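Just so you know, the sequences run in chain order D and P. The first sequence runs 1 to 209 under our numbering. The second sequence runs 1001 to 1115 under our numbering. All C-beta atoms in this analysis are idealised placements derived from N, C-alpha and C, irrespective of residue type, glycine included. The model shown is predicted, which means the values in this text are computed figures rather than measured ones. Heads up, the thing below is written out as structure tokens.
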Amino acid sequence: MAGIIGKKIGMTSVFSVEGKNIPCTVIEAGPCVVTQVKTKEKEGYDALQLAFGHKKERRTTKAEFGHFKKAGISPRHELVEFKNTYQEAYKLGDEVTVDIFHELDYVDVVGVSKGKGFQGVVKRHNFRGVNDQTHGQHNRLRAPGSIGASSWPSRVFKGMRMAGRTGNRNNTIENLMVLKIIPEKNIIVVKGSVPGAKGSYLIIRKQWN
Amino acid sequence: MDLIKLVEKEFAVNKEHPKFSAGDTITVSYKIIEGNKERIQNFRGVVIQIKGGENNKTFTVRKMSGNIGVERIFPLDSPFIDSIQVNKRGKVRRKRIFYLRGRTGKKARIKEKRF
């Protein structure tokens, strides 16, 4: 699965050829540097490790610093492994750019969604709350309702959906169409939205093939 | 922000339309696709507001259809807009002339700009 690391720039909308207004996300992707080539003989599986972004040298541990030094680059913020890529074509220190994608391709985008804090079940699990404001309802409009039966099982089942911390977790959005690629500026424009805030790091993967 | 503007520029339609502002009477020729046929419909009325900037500009046109006021919002860069014709330049003080909504008949007139 070939892929690249990028940064979310923001959203805009464009008109398609048919005249439809399409929402799209602008991602600054790459150039990423190959920091390690993993092989079946040595590590037990084939993969490419890529690095992207900027990291201050004093925030880098010596071990990390040595790892980056091997590839001949300054410390980077993100290190991501892409399994079963075309590792034969790349060596340590090579650059991977947006050229690996083509327009009208479909890609998957992985990112960390915006943290929403402690949220109730209506926002967190799309519960509907109590449907009526009247008929005896009082201060329980967004309540979850019953969470189980009585003497059997005398407990709440594991995995019962309840209120809690929402967002701030890895999300994958599949099947996003690549609308445009601008190689000079390392920009890739995908249709639709992607997880995370502006400036957050994303992994853009090619679809399985 | 600059990178977003750059992308918007890449996608820009670059269609030239005459300049107009609120208070002007314009005719918008709008493409309508029915099945696989395409025809052009004209919508003539007073521009009551222009909204947005850059690639995302929209404008609202109000006309009286019989006794009922009809408003339509067009994206300025929409490929469905065939052409825009400015019929009258109106003299108004405001950028958004929503007060027109409350007026009918002779009160809804707008003075024409004299050059």
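- Task: Pick out whichever of D/N171, D/A89 and D/M162 has its Cα sitting closest to the Cα of D/T39.
- Result: Of the listed residues, the one whose Cα sits closest to D/T39 is D/A89.
- Message: Contact defined as beta carbons within less than 8 Å: I believe P/I1004 pairs with D/I9. What is the distance between those atoms, to the nearest angstrom?
- Response: About 6 Å; that satisfies the 8 Å criterion.
- Query: D/V112 and D/N175 look like a contact to me (Cβ under 8 Å); what is the Cβ gap, rounded to whole Å?
  - Reply: Contact check for D/V112 and D/N175: beta-carbon distance about 20 Å, past the 8 Å limit, so the pair fails to qualify.
- Starting from the Cα of D/Q36, find the closest Cα among D/E28, D/V26, D/L48 and D/T25 and give me that residue. Ranking the options by Cα distance to D/Q36, first place goes to D/L48.
- Under 6 Å Cβ to Cβ from P/G1052, same chain only, skipping five residues before and after it: list those, please. Residues T1058 of the same chain have their beta carbon placed closer than 6 Å to that of P/G1052, with the five preceding and five following residues left out of the count.
- Task: Could you check what DSSP says for P/R1072 in three-state terms: helix, strand or coil?
- Result: Three-state result, P/R1072: strand.
- Query: In chain D, what lies closer than 9 Å to P/I1050 by C-beta?
  - Reply: The contact set of P/I1050 on chain D, defined by CB atoms closer than 9 Å, is empty, because the minimum CB distance reaches about 18 Å.
- Does DSSP classify D/L104 as helix, strand or coil? In the structure shown, D/L104 sits in coil (DSSP, three-state: anything other than H, G, I, E or B).
- Item | Below-8 Å beta-carbon distance, D/G148 vs any chain P residue | With 8 Å as the cut-off, D/G148 does not count as an interface residue toward chain P.
- C-alpha gap between D/R142 and D/T134, whole angstroms: Straight-line Cα distance between these residues: approximately 14 Å.
- Going by C-alpha distance, which of P/R1039, P/K1009, P/R1101 and P/K1088 is nearest P/G1069? When each option's Cα is compared against that of P/G1069, the closest is P/R1101.
- Item | Option in P/R1109, P/P1079, P/V1092 and P/E1054 with minimal Cα separation from P/V1028 | When P/R1109, P/P1079, P/V1092 and P/E1054 are compared, the shortest CA-CA separation from P/V1028 is found for P/P1079.
- Message: Let me check one thing: in DSSP terms, what residues is D/Q137 bridge-paired to?
- Response: Per DSSP, none; premise fails for D/Q137.
- Message: Between P/L1076 and chain D, is any beta-carbon pair separated by less than 8 Å?
- Response: Taking CB atoms only, P/L1076 has no neighbour in chain D less than 8 Å away.
- Message: Looking at the strands, I want to know which residues DSSP matches up with D/Q207.
- Response: Answer is none; D/Q207 lacks a bridge partner.
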